[in-house]
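Novice: One structure coming up, written as structure tokens, with questions to follow.
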Amino acid sequence: MSHSPSPTTVDAGGVASADYETLGTGTPYAFVAEFDNVADVMRAAETVRDAGYLLWDVHSPIPIHHINHAMGMRPTILPWITLVHGLAGLLFGLILTWWMNATTVPGLSASIQGYQFLISGKPMYSLPANIPIIFETTVLFAAFGTILGLLGLNKLPMLYNPLSRSRRMLRATADRFLVVIEAEDEKFELQGTARLLRSLQPRAMELITEER
Amino acid sequence: MSSISVSAEGTSQELSGSKQEQPQLQSQWEQQAYDPRERTALVLGEHDFTTVTDSVTGIALGKTPTMWYVAMSVSLSLLSLLVVTIGYLLLTGVGVWGNNNTVSWGFPIINFVFWVGIGHAGTLISAILFLLRQNWRTGINRFAEAMTIFAVCCAGIFPGLHVGRVWLAYWLLPYPNELGMWPQARSPLLWDVFAVGTYATVSLLFWYMGMVPDLATLRDRATKRWQQMLYGFLALGWNGSSRHWMRFEKAYLLLAALATPLVLSVHSVVSFDFATSQLPGWHTTIFPPYFVAGAVFGGFAMVLTLSIPCREWFGLKHLITHRHIENMAKVMLATGMIVSYAYSVEFFMAWYSQQPYEQFVFLNRPLGPYAWAFWTMVTCNVVAPQAIWFTAVRKNVWAIFVVAMFVNVGMWFERFVIVVTSLHRDFLPSSWAMFAPTWVDLGMFLGSFGLFFTLFLLFCRFLPMVAIAEVKTVMPQAHPGDHPVKFDYQPSSDTPKSLRRGHWFT
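Top line first, the protein sequences correspond to chains A and B.
Letter 203 of the first sequence, counting from 1, is numbered 203 in the numbering used here, and no numbers are missing.
Letter 334 of the second sequence, counting from 1, is numbered 334 in the numbering used here, and no numbers are missing.
Structure representation (structure tokens):
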């Protein structure tokens with residue numbers, strides 16, 4: 001791991017000199033500011049949001065209550081994905097049960113042909129008797145939709161992430177809270193962003209670079 | 001909140017300054033708030049995020065406790081019994097079971113219903129208690145869910161073998177085939193295939209999804225290369241992003257909302273297998289709610305059976321506290337009362353119906369040749385749980401353990417009574433018969449415990465046994481007090497598209 005703990009001093013326009021570590025020697029990828037409690041990181045998130053950054057994130061070991069507000073996140077569209085999949089499952093179950101037991105299409109290959117089951121002279125197709133299967137396919141499809149939607153929106157599985165080179169990320173899943181501002185953000189500017197993060201009084205700051 | 005700390009005896013790899021173990025001044029019972037207006041801390045002792053992470057990841061990443069090897073060797077011996085009996089059955093035929101023309105369902109269906117029922121407590125804890133905002137569930141959620149999945153694995157074996165020609169079991173699935181043959185979608189037995197199949201799949205997805213953040217914790221805390229590779233692979237690259245967390249929480253809520261009606265449907269459908277038949281003793285409308293309550297009852301007994309030794313052996317007493325055990329015991333008591341009520345209603349309805357066959361079945365149960373099974377059931381399911389009313393019993397976790405063991409036995413006998421006593425004497429006395437299990441029946445039943453405990457022990461050893469991230473959210477550290485958040489969506493609607501990468505939708 002090319003982790004260099006050498007502190008760099010940046011002249012932050014005479015306000016305060018920001019100390020941060022630099023990981024690697026490439027072009028800047030992101031600034032990381034480390035916090036150790038929820039209250040601080042909430043305040044930090046609001047400040048970064050109000051400063052107008054867009055490509056930034058808060059990494060935490062827990063889902064922080066109300067961080068979506070502090071970060072200005074819009075509600076997720078995931079419920080709609082679930083609904084669409086659930087409706088697809090409903091339709092699938094409906095067509096499946098009907099096709100299997102209540103249809104015969106003359107001339108169609110026997111391998112996909114339905115079979116009209118006559119049970120005790122009851123109607124070929126009656127909705128109540130088929131509800132259990134339709135319900136189960138609805139739930140099954142909706143659950144798959146939820147999981148796949150979650151993975152898709154989160155872009156998981158994520159095979160590589162430049163942040164993962166930083167040892168600080170190891171504790172983002174245990175007991176530390178990291179505010180990460182990406183260098184690709186329009187507002188990102190090495191000294192200005194460093195000054196902003198320093199003003200939030202983090203435990204530590206780190207600049208992660210990337211070889212291109 | 002209690003200020004006296006209970007030491008967390010347990011394997012702990014320290015991240016930073018280690019907490020000194022403090023002498024145990026009071027039992028956990030004495031620390032609990034007994035004023036209902038007060039809330040008891042869900043994590044006992046002076047713990048923070050660091051120590052909670054340590055105590056759970058330490059189990060998966062640290063050294064294997066000796067007791068684990070002992071337990072594993074017992075489980076593997078039982079599992080080999082399952083393998084041998086299944087092998088023998090496959091080579092010989094289902095005639096090796098004690099099932100006969102009259103009692104055609106016998107042990108396989110008893111065991112199926114028993115195991116599927118056990119699974120239900122896991123989903124109740126993970127989904128229904130989540131929707132009901134019962135925060136104490138976080139401590140026991142993960143392994144209750146694991147228990148669900150392993151119980152459903154055990155359940156699946158029995159009907160799978162009961163179809164007779166196991167190698168054609170895929171005929172149960174609706175797929176286009178050259179025989180022009182489809183399953184009968186109006187049969188409760190096919191409903192069962194769909195219900196149990198969906199239940200197993202959704203439980204597995206829910207369990208795995210909930211575990212991803214904790215697998216990431218294990219990945220980041222692992223020191224051995226193979227552990228980093230394994231957990232890294234399973235964690236899918238989770239990095240604790242708040243944008244991910246927001247969708248994760250929504251997905252969790254959605255899955256809980258889907259799993260809740262699902263779990264109720266599964267045991268209802270299992271009960272339809274019986275209730276839609278014409279057989280006295282089975283043909284009743286009370287079966288679906290009665291089965292669901294029974295499933296939760298038996299499932300909680302199994303959760304208690306697993307959690308009481310586990311918290312002891314793996315040093316998780318600060319996360320799975322006495323209060324957790326007590327709450328579960330209370331749920332067991334409540335569902336036990338529902339089950340007892342269902343028993344009495346069955347008898348009342350048999351009398352009230354004035355239907356001779358129905359009345360005969362309900363006289364045959366307590367007085368006939370299987371009276372011993374009926375009275376075992378009543379003793380274990382109706383009488384034994386009443387002990388939970390007494391503080392002296394709830395005060396001692398091992399007393400609760402004993403009650404839970406009674407319930408485990410009782411719930412198996414409940415299914416025995418339902419299946420065997422209804423079948424063995426029905427309308428025609430000429431076709432009456434007795435049922436006796438063979439050694440294959442008994443071996444397979446014992447063997448299924450081997451499979452269950454083997455899977456469970458592997459889970460305890462290698463996966464996060466307690467939902468670390470979820471437990472942290474119910475600790476005081478997760479709540480920074482009243483932090484006013486002024487709130488505005490970002491980016492605003494007039495932000496140009498070019499600046500919005502990753503913000504088109506969330």
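For glycine and all other residues, C-beta sits at the position ideal for the given N, C-alpha and C.
1. Answer yes or no: does any C-beta atom of chain B fall closer than 7 Å to that of A/Pro-106?
2. Helix, strand or coil: which one does DSSP assign to A/Val-58?
3. Of the residues that make up the stretch 165 to 190 of chain B, which ones have a beta carbon closer than 9 Å to any beta carbon in chain A?
4. Starting from the C-beta of B/Glu-358, find all residues in its chain whose C-beta is less than 6 Å away, skip the five residues before and the five after it, and write them out in chain order.
5. Would you call B/Ser-307 buried or exposed, if buried means 16 or more other Cβ atoms sit within 10 Å of its Cβ?
6. Please name the residue in A/Asp-40, A/Gly-145, A/Phe-188 and A/Ala-110 whose C-alpha comes closest to that of B/Leu-258.
7. With 7 Å set as the bound, which would you pick, yes or no: does the beta-carbon of B/His-120 sit closer than that to a beta-carbon of chain A?
8. Using a Cβ-Cβ cut-off of 7 Å, state whether A/Phe-141 counts as contacting chain B.
9. Taking A/Ile-67 as the query, report the chain D residues whose CB atoms sit under 7 Å from its CB, ordered along the chain.
10. Between B/Trp-282 and chain A, is there a C-beta pair that is closer than 7 Å?
11. Quick one: is A/His-85 near chain B, going by C-beta distance under 7 Å?
12. For the structure I just gave you, are there three or more beta carbon pairs, one from the stretch 185 to 201 of chain B and one from the stretch 268 to 280 of chain B, closer than 8 Å?
13. Where does A/Ile-81 sit, in a helix, a strand or coil, going by DSSP?
14. Cβ closer than 8 Å: which chain B residues qualify as neighbours of A/Ser-60?
15. For a contact meaning CB atoms closer than 7 Å, what does B/Arg-221 contact in chain A?
16. Between A/Arg-49 and A/Gly-72, how many whole angstroms is the CB-CB distance? I'm expecting something under 8 Å.
17. Helix, strand or coil for B/Ile-4 per DSSP?
18. Please name the residue in B/Phe-453, B/Phe-459, B/Ala-334 and B/Ala-436 whose C-alpha comes closest to that of B/Val-74.
19. Going straight from the alpha carbon of B/Gly-298 to that of B/Met-411, what length do you get?
20. By the criterion of Cβ-Cβ separation under 9 Å, what are the contact partners of B/Ser-265 in chain A?
21. Quick one: what's got a C-beta closer than 6 Å to A/Asn-101's C-beta in the same chain, skipping five residues either side?
22. Hey, is B/Glu-249's beta-carbon within less than 7 Å of any beta-carbon in chain A?
23. Along the chain, where does the beta strand (DSSP E) that runs through A/Ile-181 open and close?
24. Since B/Thr-53 meets chain A, which of its residues come closer than 7 Å, beta carbon to beta carbon?
25. Suppose the cutoff is 8 Å on Cβ atoms and the five residues either side in sequence are ignored; what does the same chain contact list for B/Ala-60 look like?
26. Using 8 Å as the cut-off, can you tell me whether the stretch 236 to 247 of chain B makes contact with the stretch 123 to 136 of chain A, which would need three or more C-beta pairs spanning the two stretches below that distance?
27. Give the DSSP-derived three-state secondary structure of B/Leu-42 in the structure shown.
28. Buried or exposed: where does A/Ile-147 fall if 16 or more other Cβ atoms within 10 Å of its Cβ makes it buried?
29. Tell me whether A/Leu-207 sits in a helix, a strand or coil according to DSSP, three-state version.
30. Buried or exposed for B/Arg-415, please, with buried defined as at least 16 other CB atoms from any protein chain shown within 10 angstroms of its CB.
31. Would the stretch 168 to 177 of chain A and the stretch 48 to 67 of chain B be scored as touching if the rule is three or more Cβ pairs under 8 Å?
32. Is any beta-carbon of chain B found at less than 7 Å from that of A/Phe-214?
33. For a quick check, are the C-beta atoms of A/Asp-185 and A/Tyr-53 less than 7 Å apart?
34. With burial defined as no fewer than 16 other Cβ atoms inside 10 Å of the residue's Cβ, what is the status of B/Gln-278: buried or exposed?
35. Check whether the Cβ of B/Lys-472 lies closer than 7 Å to any Cβ atom in chain A.
36. State yes or no: is the beta carbon of A/Met-1 nearer than 7 Å to at least one beta carbon in chain B?
Specialist: According to the structure shown:
1. no
2. strand
3. Pro-174, Pro-176, Asn-177, Glu-178, Leu-179, Gly-180, Met-181, Trp-182, Pro-183, Gln-184, Ala-185, Arg-186, Ser-187, Pro-188 and Leu-190
4. Pro-280 and Ala-350
5. buried
6. A/Gly-145
7. no
8. no
9. Although the question refers to chain D, the structure presented lacks it and instead comprises the protein chains A and B.
10. no
11. no
12. yes
13. helix
14. Gly-240, Ser-242 and Trp-245
15. Ala-174
16. 5 Å
17. Low local confidence applies: a pLDDT of 35 at B/Ile-4 is under 50, so the model's placement there is unreliable, with the coordinate-based value given in what follows. The answer is coil: DSSP assigns B/Ile-4 none of H, G, I, E or B.
18. B/Phe-453
19. 6 Å
20. Pro-132, Phe-135, Glu-136 and Val-139
21. Phe-117
22. yes
23. 177 to 182
24. Ala-174 and Asp-175
25. Leu-218, Arg-461, Phe-462, Leu-463, Pro-464 and Met-465
26. no
27. coil
28. buried
29. strand
30. buried
31. yes
32. In the structure as shown, chain A starts at 1 and stops at 212, and residue 214 of chain A therefore has no counterpart that could be examined.
33. yes
34. exposed
35. yes
36. Confidence is the limiting factor: at A/Met-1 the pLDDT is only 37, short of 50, which leaves the residue's position unreliable and the question unanswerable from this model.
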